[in-house]
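*Asks:* Below is one structure. I have some questions about it.
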Amino acid sequence: MAANSFGKNFVVTSFGESHGIALGVVIDGCPAGLEVDLELLKQDLQRRRPGSSAIVSARNEQDEAEILSGVFEGKTIGTPIAVIVRNKDQRSGDYSKIKNEPRKGHADDLWLSKFGHSDYRGGGRSSGRETLCRVIAGSFAKMLLKHYCPELKVFAFSSKIYDQSLTPGEIKAVDSSMDIGSFAACFPDKEKSKVIENLLLKAKEEGKSYGGNISLVLENPPRNLGQPVFHKFKSDLAAALLSIGATTAISIGAGFSSGDTEGVQFHSGGEDQYGGIRGGITTGDNVYAEIAFKPTSTVLDHAKKGRHDPCILPRAVPVVEAMANLVLIDHVLWAMRDKIEG
């Protein structure tokens with residue numbers, strides 16, 4: 024199996040399966056001298072981990088990171104950083120039936136068809152549990168971005184779950200000062216989040232699932248990020264976000280509504296319609312993107328027997344942020360070679 028790495032300059036390789044001994048990540052390209060914020064890493068993993076609230080999977084993993092290499096006396100040393108998280112609450116027996124009966128909507132049958140032999144327990148490497156590797160890497164990227172881009176803020180939130188949505192104006196009103204994690208399902212609307220919480224609690228009992236959209240904001244990003252032919256900032260951001268399991272579409276700026284207005288009107292409306300990116304290069308304005316997620320594939324009897332999320336969005340929010348941070352740091356490091364200053 025190939026293509027387990029992401030990035031050109033800040034290279035991330037993830038490994039491990041849902042019910043294996045551990046999952047982990049190797050980060051190559053992180054400069055020496057970065058102070059490692061272990062509390063930040065712990066917080067990021069806590070936001071993603073299962074068992075953290077009543078509306079997510081009941082699998083009770085603590086997701087404690089073990090740094091194996093690349094860090095000495097609290098700082099990076101420039102060598103590959105290896106980090107693992109051990110699996111401690113697998114219940115592989117829950118998946119014995121699907122060995123010969125692939126689950127609808129999952130990739131069980133395709134992995135078996137493609138590779139001839141695969142780990143079906145909990146989805147193996149196709150499981151959403153793989154995303155903890157992305158969160159670890161994204162946390163290191165965030166630490167490095169704080170050094171290079173202190174004004175930058177990256178945050179994401181649920182903006183649609185089933186029939187509950189934020190309006191475009193409400194989405195734009197959300198900023199980095201809000202405590203998004205204090206809202207149920209990371210949906211930053213007091214009344215609608217209560218409706219969503221009740222919906223997901225009921226769905227968990229009944230073996231149902233729901234999808235929705237996550238909005239991503241890069242607040243105060245650096246100007247001039249992006250290699251404007253094959254590695255446009257928007258294309259790398261899209262590739263990163265669509266590599267997350269269960270994603271079905273991405274919209275940047277005006278997105279799918281770009282064709283609704285005549286050209287003069289579209290291009291005279293300021294920068295918002297471009298989503299902070301023109302010509303594949305960041306303008307320095309806020310970058311806005313929206314990512315669609317399908318309903319969790321495990322439904323009905325499988326959901327009642329196993330431990331699954333009635334909606335993946337609450338736990339996908341930190342994963343979206345992590346992938347955005349990885350794209351950002353990759354392009355920040357790339358941009359340092361764009362021209363000779365002075």
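Per our numbering, the very first residue in the sequence shown carries number 24; after that it's consecutive.
Cβ coordinates follow ideal geometry from the N, Cα and C atoms, glycine included.
Where do the ends of the alpha helix (DSSP H) carrying Leu171 lie?
*Replies:* Before going further, note that residue 171 is Tyr rather than Leu in the sequence given. First-last of the alpha helix (DSSP H) with Tyr171: 154-171.
*Asks:* For the candidate residues Asp295, Phe316, Phe138, whose alpha-carbon lies nearest to that of Gly307?
*Replies:* With distances taken between Cα atoms, Gly307 lies closest to Asp295.
*Asks:* Along the chain, where does the alpha helix (DSSP H) that runs through Ser181 open and close?
*Replies:* That residue, Ser181, is in no alpha helix (DSSP H); its beta strand (DSSP E) goes 176-184.
*Asks:* Assuming Val34 and Val59 are in contact, meaning their beta carbons sit under 8 angstroms apart, how far apart are those beta carbons, in whole angstroms?
*Replies:* The Cβ separation is near 18 angstroms, so there is no contact.
*Asks:* Leu264 lies in the alpha helix (DSSP H); which residues open and close that run?
*Replies:* 256-265 is the span of the alpha helix (DSSP H), which, as asked, contains Leu264.
*Asks:* Once the 5 residues before and after Ser216 are set aside, which same chain residues still bring their CB inside 8 angstroms of it?
*Replies:* Hits under 8 angstroms: Phe206, Ala207, Ala208, Phe210.
*Asks:* Looking only at its own chain, which residues have a Cβ that is under 6 angstroms from the Cβ of Thr154, when we skip the five neighbours before and after it?
*Replies:* Correct list, in chain order: Val342.
*Asks:* On the CB-based measure, 16 or more other CB atoms within 10 Å of its CB, does Leu61 come out buried or exposed?
*Replies:* Exposed.
*Asks:* When the distance is taken between beta carbons, is Gly249 closer than 9 angstroms to Asp259?
*Replies:* Yes; because the gap between Cβ atoms is below 9 angstroms, this pair is in contact.
*Asks:* Kindly provide the ranges of any beta strand (DSSP E) runs that are 3 or more residues long and lie completely inside the stretch 263-307, ordered along the chain.
*Replies:* If we require 3 residues or more, the beta strand (DSSP E) runs fully inside the stretch 263-307 come out as 270-275.
*Asks:* Using only CA atoms, which one of Tyr233, Lys317, Lys257 lies nearest to Tyr297?
*Replies:* The option with the nearest alpha carbon to Tyr297 is Lys257.
*Asks:* Under a three-way DSSP split, which group does Gly151 fall into?
*Replies:* Helix.
*Asks:* In terms of alpha-carbon separation, which member of Met24, Gln66, Ser162 lies closest to Val350?
*Replies:* Out of Met24, Gln66, Ser162, Ser162 has the C-alpha closest to the C-alpha of Val350.
*Asks:* Based on the DSSP output, what are the partners of Thr36 in its beta bridges?
*Replies:* Partner(s): Ser28, Val49.
*Asks:* DSSP three-state call for Lys327: helix, strand or coil?
*Replies:* Caution is warranted here: a pLDDT of 46 is assigned to Lys327, below 50, making its placement in the model unreliable, and the coordinate value is therefore given only provisionally. In the structure shown, Lys327 sits in a helix (DSSP, three-state: H, G or I).
*Asks:* Do Ile107 and Glu89 have their beta-carbon atoms positioned less than 9 angstroms apart in this structure?
*Replies:* Yes, the pair counts as a contact, with Cβ atoms nearer than the cut-off.
*Asks:* Could you give the C-beta distance for Tyr185 and Leu222, rounded to a whole number, given that I count them as a contact under 8 angstroms?
*Replies:* With 8 angstroms as the limit, Tyr185 and Leu222 qualify as a contact, their Cβ atoms being about 6 angstroms apart.
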